[in-house]
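Just below is one structure, and these are the notes that go with it.
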Amino acid sequence: MAYFPFFIELEGKQCLVAGGGDVAFRKIRELIPFGVSIRVVAPEICEAIRELEAEYPKLTIVCRGYEEKDLEGMFFVIAATDDEQCNCQISERCRQRRILVNVVDDKDKCSFYFPSLVKQGDIVAGFSSGGNSPALIKGLRRELQEQIPEYYGQLNAHLGQLRPAVKEHFDTEEQRKQFYRKVIHRSRELSRALSVPEMEEILHKGFTQN
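Just so we're aligned, residue 267 is where the sequence shown starts under the working numbering, counting upward by one.
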């Protein structure tokens, strides 16, 4: 059965990563742009994770094996140890405590999957195969990434800044839609994001629907 793609605010949420190898590193690297507070517990920590700790203040490392007490206060957990029995135990305890858990390379023990992400600023798209074929989904992600203009993240941010003014300026939803279509169309013509002042000029001078 397919999983539903919820988009969740993770800023400041607590995450436990049990494991300190390359797989754990890749999961951590994906989470950092979303402001997660990450606690890594493992007897041995790879150099790449230690480098992330120096760069990312919300990442802490505990050099020992996993203990059940590590689950306290966690919003979600990633089991990435090289011990299958330990990963299984983590999954069972998380389910008992109703904590979201991802067990690497074992979809049956996961309550959530990591999607294959496309991210530009606040624009985020995620793809999942339900754990069946990550390679297929990575290819799909690359195809989409190639189609999205590089300036869309900035364009989205500028539109967000102007949104309150647009809502106040126009009386109807249809007028707002026309304005947004005009701005997006103009940005595509120029192959860049319109600046906020340029958008404000369109807003106050009026426009015609394309």
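Think of the CB as a built atom: it goes at the ideal place given N, C-alpha and C, for glycine as much as any other residue.
With DSSP collapsed to three states, give me the class of residue i.
i, result
"L383", "strand"
"S303", "strand"
"E464", "helix"
"V369", "strand"
"C281", "strand"
"I403", "helix"
"F445", "helix"
"G419", "helix"
"Q475", "Because Q475 carries a pLDDT of 45, less than 50, the predicted location of this residue cannot be relied on, and the following value inherits that uncertainty. Looking at Q475 - three-state DSSP - the assignment turns out to be coil, as it is neither helix nor strand."
"G392", "strand"
"E440", "helix"
"A308", "coil"
Please classify residue i as buried or exposed, where buried requires at least 16 neighbouring CB atoms within 10 angstroms.
i, result
"I294", "buried"
"I365", "buried"
"P463", "exposed"
"H470", "exposed"
"F445", "buried"
"N476", "With a pLDDT of 45 at N476, under the threshold of 50, the modelled position of that residue is not reliable, and the figure given next carries that caveat. Exposed."
"L428", "buried"
"I414", "exposed"
By alpha-carbon positions, which one of the options ends up nearest to residue i?
i, options, result
"Y322", "A308, I311, H424, L297", "L297"
"D349", "A268, H451, E467, D371", "D371"
"A391", "K448, Y418, A401", "Y418"
"R292", "E416, A345, D336", "A345"
"L421", "R359, S457, Q413", "S457"
"M465", "G426, C352, E439, E440", "G426"
"I274", "A314, C360, D388, A290", "D388"
"G285", "N368, E434, P299, E416", "N368"
"M340", "A431, L325, R305, D374", "R305"
"V307", "F342, I468, E317, T326", "T326"
Write down the C-beta distance between residue i and residue j rounded to the nearest angstrom, noting that I regard them as a contact closer than 8 Å.
i, j, result
"E334", "G301", "Going by Cβ atoms, the distance from E334 to G301 rounds to 27 Å, so no, they are not a contact pair."
"H424", "A459", "6 Å"
"P381", "P271", "7 Å"
"C354", "L337", "With a Cβ gap of about 14 Å, C354 and L337 do not count as contacting."
inquiry  = I'd like the ranges of any beta strand (DSSP E) spanning at least 3 consecutive residues and lying wholly in the segment 310-381.
reply    = The segment 310-381 contains, as complete beta strand (DSSP E) runs of 3+ residues, the segments 325-328, 342-345, 366-369 (chain order).
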